[in-house]
Amino acid sequence: MALLEIADLRVSYRTRRGNVRAVDGASFEVPEGAVVGLVGESGCGKTTMARAITGVMPGSASVESGSITFAGRDLLRLSARDYAALRWREFAFVPQSAMNSLDPVHRVGAQIAEVLVQRGGLGSAAARARAGELFDLVGIDAKRLVDYPHQFSGGMRQRVAIALALALSPKLVIADEPVTALDVIVQRQVLDVIRDLQQRLRLSMIMVTHDISVVAYVCDRIVVMYAGEVVETGSTADVLARPAHPYTMGLTNAFPDLERSGGVLTPIDGNPPDLLSPPPGCRFAPRCPFALDACRAEAPPLREAGAGQMAACWRIDEVEALREAARWSETWQRL
Amino acid sequence: MAALVETTGLALHFPAPRSLGEALRGQRPMVRAVDHVDLSIARGESVGLLGESGCGKTSTGRLLLDLVRPTAGTVTFDGKNLRALDKAGSRAFRRRAQLVFQNPFDALNPRFTIARCLAEPLVNTGVPKAEHESRIAKALERVRLPALARFESTYPHELSGGQLQRVVLARALVLEPEFIVADEPVSMLDVSVRAGILNVLREVRDGMGLAALYISHDVALVRYLCARVMVMYLGIIVEDGPTADVVRQPLHPYTKALVQAVPVPRVDQSRAPLPITGNVPDARNPPSGCRFRDRCPAAMARCAEEIPALRDVGDGRRVACHLV
Chain A
10 MALLEIADLR
20 VSYRTRRGNV
30 RAVDGASFEV
40 PEGAVVGLVG
50 ESGCGKTTMA
60 RAITGVMPGS
70 ASVESGSITF
80 AGRDLLRLSA
90 RDYAALRWRE
100 FAFVPQSAMN
110 SLDPVHRVGA
120 QIAEVLVQRG
130 GLGSAAARAR
140 AGELFDLVGI
150 DAKRLVDYPH
160 QFSGGMRQRV
170 AIALALALSP
180 KLVIADEPVT
190 ALDVIVQRQV
200 LDVIRDLQQR
210 LRLSMIMVTH
220 DISVVAYVCD
230 RIVVMYAGEV
240 VETGSTADVL
250 ARPAHPYTMG
260 LTNAFPDLER
270 SGGVLTPIDG
280 NPPDLLSPPP
290 GCRFAPRCPF
300 ALDACRAEAP
310 PLREAGAGQM
320 AACWRIDEVE
330 ALREAARWSE
340 TWQRL
Chain B
139 MAALVETTGL
149 ALHFPAPRSL
159 GEALRGQRPM
169 VRAVDHVDLS
179 IARGESVGLL
189 GESGCGKTST
199 GRLLLDLVRP
209 TAGTVTFDGK
219 NLRALDKAGS
229 RAFRRRAQLV
239 FQNPFDALNP
249 RFTIARCLAE
259 PLVNTGVPKA
269 EHESRIAKAL
279 ERVRLPALAR
289 FESTYPHELS
299 GGQLQRVVLA
309 RALVLEPEFI
319 VADEPVSMLD
329 VSVRAGILNV
339 LREVRDGMGL
349 AALYISHDVA
359 LVRYLCARVM
369 VMYLGIIVED
379 GPTADVVRQP
389 LHPYTKALVQ
399 AVPVPRVDQS
409 RAPLPITGNV
419 PDARNPPSGC
429 RFRDRCPAAM
439 ARCAEEIPAL
449 RDVGDGRRVA
459 CHLV
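Protein sequence lines correspond, in order, to chains A and B.
Everything in the first sequence is counted per the working numbering, starting at 10 for the first residue and increasing by one.
Everything in the second sequence is counted per the working numbering, starting at 139 for the first residue and increasing by one.
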């Protein structure tokens with residue numbers, strides 16, 4: 010059984026212009042010990058999904074329906090107190106900008122110790138020793154526990170945030186764009202820390218990112234989101250080599266590959282729909298070169314697209330032909 | 139090829155933020171954002187300026203556009219020293235060289251219609267009103283945003299990020315410049331939209347014979363847009379050469395690490411440890427000699443003593459390293 014199962018989740022935000030359903034009927038799972046990349050573009054609902062799992066959301070957000078089953082328990086049925094008891098111990102969160110999540114006026118060692126004492130019930134000497142171990146784990150000299158957040162570089166700060174998340178040895182770590190704000194060399198160093206820790210500690214992870222090359226570097230599985238819906242899931246190797254949903258095909262076409270240059274990048278014309286009034290049927294249909302009338306009438310369910318691969322597309326039976334056509338720039342030119 | 143833009147010994151030093159102790163001791167630490175940069179860009183040539191945050195690439199772009207006064211060295215444009223231009227010459231330069239802004243969401247005045255945003259540079263440089271419409275239409279066509287009529291009453295907030303970035307580019311092109319500096323032109327955009335802008339930039343390059351400096355941290359983007367690349371580290375250019383060669387076979391140890399660090403969208407990729415250690419040092423106190431030496435796997439005694447010059451090593455390549 011998977012460690013985390015999300016089924017038919019709907020999350021909406023109240024706004025002045027009406028209700029926006031940021032996550033609409035999304036389902037996926039995180040197998041024990043797997044790293045799952047949650048990818049999509051701005052506003053596709055990937056961060057909302059990650060936040061919904063942690064149960065920490067702004068007041069304007071609410072979960073309308075669905076379930077989030079973690080190790081056999083539906084998190085959405087837990088009391089606030091029981092939910093809080095799981096945070097840090099069972100699952101922990103790594104934010105995009107560690108600068109904003111660390112308290113600038115306290116030494117980082119004290120911040121880690123606080124979690125260990127308050128949440129983990131450790132004594133202060135044990136907490137100090139454990140904080141040193143955690144720094145060691147993420148490759149920072151334990152001498153730096155007495156430093157303040159501003160004394161760390163961006164990459165080091167992100168390592169501190171990872172150390173903090175690992176404080177109480179959670180089973181699942183949810184990281185929201187953990188390397189997006191970093192320079193490429195630092196990004197690679199932090200990704201290597203994440204990969205190493207994940208393998209050594211057999212962590213399960215969800216990594217929210219817009220960058221499919223980051224997913225390719227660290228994730229076993231990929232979940233592609235578009236306009237609040239999950240459009241494709243599968244192993245990273247399968248989905249990137251043989252995408253089954255036209256959106257995923259378009260995304261891989263638009264993404265530069267340093268080692269295979271010479272080709273032309275192909276954009277996907279148009280923009281994602283306004284979630285205040287999403288189009289009927291498949292949400293990608295207005296931008297999809299393969300859309301039929303049926304696509305605009307009814308939303309396609311996620312269906313099997315190969316071993317362990319699922320895609321939400323009405324034309325999934327013709328996937329080979331579509332994939333072939335999607336290789337050509339002409340296919341994607343204004344319809 | 140004659141150089142359109144050329145610099146010699148270009149440097150820009152800033153007073154650094156001081157700690158209380160430094161202020162009390164009366165010390166004025168300086169950040170050497172750009173140091174001894176010699177570069178040239180030919181007419182019609184697209185060059186990428188690649189580097190990490192804080193390496194001085196944006197400062198270099200600003201120096202080339204005469205937006206800041208260099209601490210030392212000169213910038214010449216079409217053979218004339220920018221610092222020695224008279225008023226008319228300076229005005230002409232502002233027409234011939236343009237900046238494309240990074241963030242399309244705040245580069246346009248939100249209270250101006252798109253048409254007015256595009257007309258503004260024409261008004262400011264005294265282009266006769268009769269020419270405005272045709273000039274704007276031409277610029278919009280270049281960025282593949284046809285239908286000027288629609289923009290007469292459209293405001294920036296009504297457009298998507300990709301459309302806004304095209305407008306920002308059109309505004310730079312409306313004066314028919316010979317040189318543009320584009321600072322991270324697509325970093326704010328989503329992947330599916332970004333590819334469209336990159337293709338427009340390629341078309342503009344080919345169609346207008348424009349010389350361009352693309353400032354970016356993204357090796358793949360520079361590879362896609364520029365035949366030549368210059369790599370900056372802590373205020374100096376460490377490598378310069380044809381992009382394809384530099385990416386395939388980087389010569390400077392820093393470039394090697396940089397190229398190897400770029401992930402590719404495929405599962406089968408090298409995950410070998412990077413040949414680099416530590417972090418970018420404090421720009422107020424760069425190491426003596428070669429600025430990269432404390433992170434370099436191959437540093438030797440000479441690297442601490444002698445600053446490596448950016449030397450010609452053949453095949454149109456220059457490298458600043460004692461080992462090469």
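Backbone N, C-alpha and C fix where the C-beta goes; we use that ideal spot for every residue, glycine too.
Near-chain A residues of the stretch 401-426 of chain B (beta-carbon distance less than 9 Å), N- to C-terminal order: Answer in chain order: 401, 402, 403, 404, 405, 406, 407, 409, 411, 412, 414, 417, 418.
Hey, is residue 337 of chain B's beta-carbon within less than 8 Å of any beta-carbon in chain A? Yes - at least one Cβ of chain A is within 8 Å of the one on residue 337 of chain B.
Taking only the alpha-carbon atoms, compute the straight-line gap between residue 37 of chain A and residue 28 of chain A and give it to the nearest angstrom. Taking the straight line joining both Cα atoms gives about 24 Å.
State the beta-bridge partners of residue 185 of chain A as determined by DSSP. Residue pairing by DSSP places residue 185 of chain A opposite A/217 in a beta bridge.
Leaving aside the five residues before and after residue 168 of chain A along the sequence, list all residues of the same chain whose C-beta is less than 7 Å from its C-beta, in chain order. 147, 148, 149, 199, 202.
Close beta carbons around residue 428 of chain B, own chain, < 6 Å, minus the five adjacent residues each side: For residue 428 of chain B, where only same-chain residues beyond five positions count, the Cβ hits under 6 Å are 441, 446.
So which residues on chain A does residue 298 of chain B lean against when the C-beta distance must stay under 7 Å? Within chain A, the C-beta atoms nearer than 7 Å to that of residue 298 of chain B come from 280, in chain order.
Does DSSP put residue 180 of chain A in a helix, a strand or coil? Of the three classes helix, strand and coil, the one that applies to residue 180 of chain A here is coil, per DSSP.
Quickly, what does DSSP pair residue 33 of chain A with across the bridge? List them, please. According to DSSP, residue 33 of chain A bridges with A/19.
Here's the rule: buried if 16 or more other CB atoms are within 10 angstroms of the residue's CB, otherwise exposed. What is residue 164 of chain B? Answer is exposed; the Cβ neighbour count stays below 16.
Simplified DSSP state of residue 330 of chain B, which is helix, strand or coil: In the structure shown, residue 330 of chain B sits in a helix (DSSP, three-state: H, G or I).
Using DSSP with H/G/I as helix, E/B as strand and the rest coil, what is residue 184 of chain B? In the three-state reduction of the DSSP assignment, residue 184 of chain B falls in the strand class, which pools E and B.
Just to confirm my understanding: we take residue 260 of chain A, look at its own chain, exclude 5 residues before and 5 after, and list those with CB closer than 7 Å. What are they? Result list for residue 260 of chain A: 221, in chain order.
Alpha carbons only, please: which of A/67, A/177, A/255, A/248 is nearest the one belonging to residue 278 of chain A? When each option's Cα is compared against that of residue 278 of chain A, the closest is A/255.
Taking buried to mean at least 16 other C-beta atoms within 10 Å of its own C-beta, is residue 325 of chain B buried or exposed? With fewer than 16 other Cβ atoms from the protein chains shown falling within 10 Å of its own Cβ, residue 325 of chain B counts as exposed.
Pull up the DSSP beta-bridge partners for residue 251 of chain B, would you. Bridge partners of residue 251 of chain B: none, in fact.
Verify the CB distance criterion: does residue 159 of chain A have a CB-CB separation below 8 Å to chain B? Closer than 8 Å: no.
Could you tell me which chain A residues have their CB closer than 7 Å to the CB of residue 334 of chain B, listed as they occur along the chain? Near residue 334 of chain B (Cβ distances below 7 Å), the residues of chain A are 276.
Can you tell which of A/129, A/194, A/171, A/315 has the C-alpha that lies nearest to the C-alpha of residue 412 of chain B? Residue A/194 is the option with its Cα nearest to residue 412 of chain B.
Contact belief for residue 374 of chain B with residue 175 of chain B at Cβ below 8 Å, rounded distance in angstroms: In this structure residue 374 of chain B is in contact with residue 175 of chain B, their Cβ atoms being roughly 7 Å apart against a cut-off of 8 Å.
Determine, using beta-carbon pairs with one atom in the stretch 336-355 of chain B and one in the stretch 305-313 of chain B, whether at least three such pairs fall under 8 Å. Taking one beta carbon from each stretch, the stretch 336-355 of chain B and the stretch 305-313 of chain B have 3 or more pairs nearer than 8 Å; the two touch.
For residue 438 of chain B, which of helix, strand or coil comes out of DSSP? In the three-state reduction of the DSSP assignment, residue 438 of chain B falls in the coil class.
Taking 6 Å as the limit between beta carbons, can you name the residues of its chain near residue 300 of chain A, skipping five residues before and five after? Cβ neighbours of residue 300 of chain A beyond the five flanking positions: 294.
Could you check which residue in A/43, A/126, A/34 has the C-alpha nearest to that of residue 209 of chain A? Comparing alpha-carbon positions, the option among A/43, A/126, A/34 lying closest to residue 209 of chain A turns out to be A/43.
Cβ closer than 9 Å: which chain B residues qualify as neighbours of residue 245 of chain A? Within chain B, the residues 405 have their CB atoms less than 9 Å from the CB of residue 245 of chain A, given in chain order.
Please name the residue in A/139, A/245, A/227 whose C-alpha comes closest to that of residue 126 of chain A. The candidate whose alpha carbon is nearest that of residue 126 of chain A is A/139.
Rounded to whole angstroms, what's the CA-CA distance from residue 97 of chain A to residue 199 of chain B? Just pull it up for me. Near 46 Å, if we compare the C-alpha coordinates of residue 199 of chain B and residue 97 of chain A.
According to the neighbour-count rule (16 or more other Cβ atoms, all chains shown, within 10 Å of its Cβ), is residue 335 of chain A buried or exposed? By the Cβ-count criterion, residue 335 of chain A is buried, with 16 or more other Cβ atoms from all chains shown falling within 10 Å of its own Cβ.
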